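**Student:** What follows is a single structure, and I will ask about it in a moment.
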Amino acid sequence: MDQEARSRRQRLALRKATQDENLFGRLQAAATASRSQAQRLLSSAGGLSITQWRILWDLEEAGPLTVQDMATIQRTDHSLVSRALSVMRDKGYVETVTNPEDKRQSLIRMTAAGAHAFANAAPTMKERRESLADIFEPNEIATFLSLISRFETHLNQPSEEPK
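Written out as structure tokens, the structure reads:
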């Protein structure tokens, strides 16, 4: 092997080691891996997207909700939820109803078809969540969530200008 190839391999290994300790990059990689796994599982368990699954899960657990309610629960942009809801309405999984407490506001409600889609995917997604117990103790999960909360709080603070 020539010196240039060895040097490139060494530079690559050094850079990878540095990036393995980059919290921002590692969280992005973990989130990407999580989404890929979830999408594979959801595709085989009923053809839902991750956002569609989360909407059905929110509606199953909390009943009719506004788009903003779901975006808040999911920690995402309401436009992502809105786009998913459009597809879900076309599939007959959800319907829009008037909020009885505020007639100016609409609520999203799961239909029987949505409940069926949820029921098909729920066991697979429950098994996915429960599989974490094979690699993490409950106190480790609690610590991990606490650390993520602190990280999110930090990131949501106004940034100071670099000095």
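Just so you know, this note's numbering puts 365 at position 104 of the sequence shown, and the rest follows in order with no gaps.
Glycine residues also receive a C-beta, built at the ideal position from the N, C-alpha and C atoms.
All of these numbers come straight from a predicted model, not from anything done at the bench.
(1) So, using beta-carbon positions, are V355 and H339 closer together than 8 Å?
(2) For D281, collect the residues of the same chain with a Cβ closer than 6 Å to its Cβ; drop the 5 residues on either side in sequence, then sort them by chain order.
(3) Between W314, L341 and M371, which has its C-alpha nearest G353's C-alpha?
(4) Label L416 either buried or exposed according to how many other C-beta atoms from any shown protein chain fall within 10 Å of its C-beta, with 16 as the threshold for buried.
(5) If you draw a straight line from the alpha carbon of L406 to that of E421, how long is it in whole angstroms?
(6) What alpha helix (DSSP H) runs, 4 residues minimum, are completely inside the region 326-356?
(7) According to DSSP, is D281 part of a helix, a strand, or is it coil?
(8) Taking the alpha-carbon of T312 as reference, which of T293, S343, R411 and R270 has the nearest alpha-carbon?
(9) In the DSSP output, what is L368 paired with across the bridge?
(10) Helix, strand or coil for D395? Go by DSSP, reduced to three states.
(11) Check whether the Cβ atoms of L320 and I369 sit closer than 8 Å, and answer yes or no.
(12) By DSSP, does D319 sit in helix, in strand, or in coil?
(13) Where does R315 land, buried or exposed, given buried means 16+ other C-beta within 10 angstroms?
(14) Please determine, among V348, A292, A382 and L326, the residue with the shortest C-alpha to C-alpha distance to E362.
(15) So which of L317, T293, E413 and S310 has the shortest CA-CA distance to A374?
**Tutor:** By the coordinates alone:
(1) At a Cβ-Cβ threshold of 8 Å, V355 and H339 do not count as neighbours.
(2) Nothing meets the Cβ criterion.
(3) Taking only the C-alpha atoms, the option nearest G353 is M371.
(4) So L416 counts as exposed.
(5) Their backbone Cα atoms lie some 26 Å apart in a straight line.
(6) Segments of the alpha helix (DSSP H) lying fully in the region 326-356: 328-335 and 339-352.
(7) Three-state result, D281: coil.
(8) For T312, the nearest C-alpha among the options comes from S343.
(9) L368 is bridged to V358.
(10) In the structure shown, D395 sits in a helix (DSSP, three-state: H, G or I).
(11) With respect to the 8 Å criterion, L320 and I369 are classified as neighbours on the basis of their beta carbons.
(12) The answer is helix: DSSP assigns D319 an H, G or I state.
(13) Per the 10 Å Cβ criterion, buried.
(14) Residue L326 is the option with its Cα nearest to E362.
(15) Among L317, T293, E413 and S310, the Cα nearest to that of A374 belongs to L317.
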